[in-house]
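Participant: If you scroll down you'll find the structure; I have some questions about it.
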Amino acid sequence: MLSSEELDRYDRQIMIPQIGEKGQEKLKKAKVFIAGAGGLGSPVSIYLTAAGVGHIRLVDHDTVDLTNLNRQVAHWTSDVGRKKVESAQEKLNKLNPNVTVETMSVTIAEENASELMTGFDLIVDAMDNLPTRYLLNKTAIELGVPFVHGAVNGFQGRVMTVVPGKTACLRCLYRGPVPASKFPVIGVTPAVVACIQATEVIKYLAGIGELLENRLLAYDGLSLKFTEFKVQRNPECEHCAHL
Amino acid sequence: MAVKVNLHLTLRQFTNGQEMVEVDGKTVGECLKNVVKKYPAMESSLFAKNGKLSNIVEIYLNLQSAYPNELARPVKDGDEIHVTMMLSGG
């Protein structure tokens with residue numbers, strides 16, 4: 000049941016026929032796990048909070064650094080040195096106090112991934128490294144929970160939604176380890192990619208539209224082109240072949 | 000007619016910014032080898048030392064993932080190959 004304050008707050012999106020009050024109530028009841036409170040996690044968490052997703056768990060082990068501020072818009076100059084999740088939680092609570100924003104300043108690892116991610120309707124990959132992305136992918140598949148992948152580099156980005164047992168997963172395209180490296184990025188790129196991820200989350204929770212299932216959407220900000228690549232499940236995938 | 004190879008942004012440094020290169024070839028592997036013949040400096044960005052594709056490279060043939068065994072995929076005139084790179088930043 001939406002309160003009168005919520006009916007006012009979400010008035011413009013309730014007006015969207017595909018959402019309506021029923022869709023808004025679905026968002027309110029939903030629980031979303033966001034891995035990372037950085038370049039992608041900032042806008043994803045801001046837009047899902049603004050949209051009225053009822054419960055968000057935001058996990059990031061890092062503290063705010065000056066070099067983060069060109070893109071990690073949940074963190075401001077006065078937040079340098081603070082835990083990212085605390086900095087983000089403060090803004091998100093001010094943005095929409097109806098949303099429960101639960102934060103954990105921990106490293107997502109093999110030992111805790113399943114425990115951290117259990118009990119959520121959807122998992123958002125807003126990480127900054129491939130090993131943790133694959134761990135999220137594997138855990139999401141084990142838990143049978145959809146997983147929205149997003150990644151950026153420079154002016155480029157990509158998004159793909161994984162529905163365990165139904166679609167290709169991140170590991171289906173795996174060829175081998177890739178060395179970690181510091182990546183270049185300008186804030187508008189994760190903003191675009193994160194907003195597409197948040198769109199996928201809202202659509203899934205409300206049960207509307209078409210998800211990026213078996214579709215890898217690649218974004219090139221310099222030429223301002225989106226290219227959609229078809230991907231398929233790998234019958235030998237070490238994460239999802241058993242489903 | 001030939002096969003069109005669309006190059007990822009990071010590879011365009013080897014082609015003076017050119018996004019698409021047309022080459023001949025009967026497989027994806029032959030086409031990529033012919034791209035490297037035109038632009039030899041690109042080789043180490045596409046291939047590992049063992050001659051296999053670099054782990055970071057992804058190949059799409061006519062907008063469809065060519066994984067696995069990408070290099071062996073047959074191609075015909077008019078086909079389009081996209082060479083992209085896996086992204087990890089966030």
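Chains A and B are the protein sequences, given in the same order. Per numbering that gives the first Met the number 0, residue 0 is the first one in the first sequence, and the count goes up by one each step. Per numbering that gives the first Met the number 0, residue 0 is the first one in the second sequence, and the count goes up by one each step. We treat Cβ as the ideally placed atom computed from N, Cα and C, and that holds for glycine.
Does any CB atom of chain B fall closer than 7 Å to the CB of Lys93 (chain A)?
Facilitator: Closer than 7 Å: no.
Participant: On a Cα-Cα basis, can you pick out the residue from A:Val79, A:Asp64, A:Met116 and A:Ala29 that is closest to Gly51 (chain A)?
Facilitator: Ranking the options by Cα distance to Gly51 (chain A), first place goes to A:Ala29.
Participant: What are the residues in the segment 61-72 of chain B lying within 8 Å of chain A by C-beta distance?
Facilitator: Hits within the stretch, in order: Leu62, Gln63, Ser64, Tyr66 and Pro67.
Participant: Comparing C-alpha positions only, which one of A:Thr188, A:Gly208, A:Lys202 and A:Leu134 sits nearest to Ser244 (chain A)?
Facilitator: Outside the shown range of chain A (0 to 242) lies residue 244 (chain A), about which nothing can therefore be said.
Participant: Less than 7 Å between the beta carbons of Val279 (chain A) and Gln196 (chain A), yes or no?
Facilitator: The question about residue 279 (chain A) has no answer here: the residues shown for chain A are numbered 0 through 242.
Participant: On the DSSP letters alone, give me the boundaries of the alpha helix (DSSP H) that Ile55 (chain B) sits inside.
Facilitator: That residue, Ile55 (chain B), is in no alpha helix (DSSP H); it is neither H nor E in DSSP.
Participant: Can you tell me the Cα-Cα spacing of Leu45 (chain B) and Lys181 (chain A), whole angstroms?
Facilitator: Going from the Cα of Leu45 (chain B) to the Cα of Lys181 (chain A) covers about 20 Å.
Participant: Using a Cβ-Cβ cut-off of less than 8 Å, list which residues of the segment 29-52 of chain A approach chain B; keep chain order.
Facilitator: Within the segment 29-52 of chain A, the qualifying residues are Gly35, Gly37, Gly38, Leu39 and Gly40.
Participant: Apart from the five residues just before and just after Met126 (chain A), which ones in its own chain have a Cβ nearer than 6 Å to its Cβ?
Facilitator: Cβ neighbours of Met126 (chain A) beyond the five flanking positions: Ala34, Gly35 and Arg132.
Participant: Is it the case that the segment 18-28 of chain A contacts the segment 66-84 of chain A, given that we only count it when at least three CB pairs across the two stretches are under 8 Å?
Facilitator: Touching, no.
Participant: Taking the Cβ atom as the reference point for each residue, do Thr14 (chain B) and Tyr38 (chain B) lie within a distance shorter than 7 Å?
Facilitator: Yes, the pair counts as a contact, with Cβ atoms nearer than the cut-off.
Participant: Return the Cβ separation of Val22 (chain B) and Asp78 (chain B) in integer angstroms, given the expectation that the two are a contact with Cβ distance under 8 Å.
Facilitator: The Cβ separation is near 11 Å, so there is no contact.
Participant: Starting from Gly156 (chain A), trace the alpha helix (DSSP H) in both directions and tell me its first and last residue.
Facilitator: First-last for Gly156 (chain A): Gln155 to Val161, but that is the beta strand (DSSP E), not the alpha helix (DSSP H).
Participant: Span of the alpha helix (DSSP H) holding Val105 (chain A)?
Facilitator: Where Val105 (chain A) is concerned, there is no enclosing alpha helix (DSSP H), given that its DSSP letter is neither H nor E.
Participant: With 7 Å as the limit, tell me which residues of the segment 116-131 of chain A have their beta carbon closer than that to any beta carbon of chain B; keep them in chain order.
Facilitator: Of all residues in the segment 116-131 of chain A, Ala125, Met126, Asp127, Asn128 and Leu129 have a Cβ within less than 7 Å of some Cβ in chain B.
Participant: Can you tell me the Cα-Cα spacing of Asp64 (chain A) and Lys82 (chain A), whole angstroms?
Facilitator: If I take the Cα positions, the gap works out to 10 Å.
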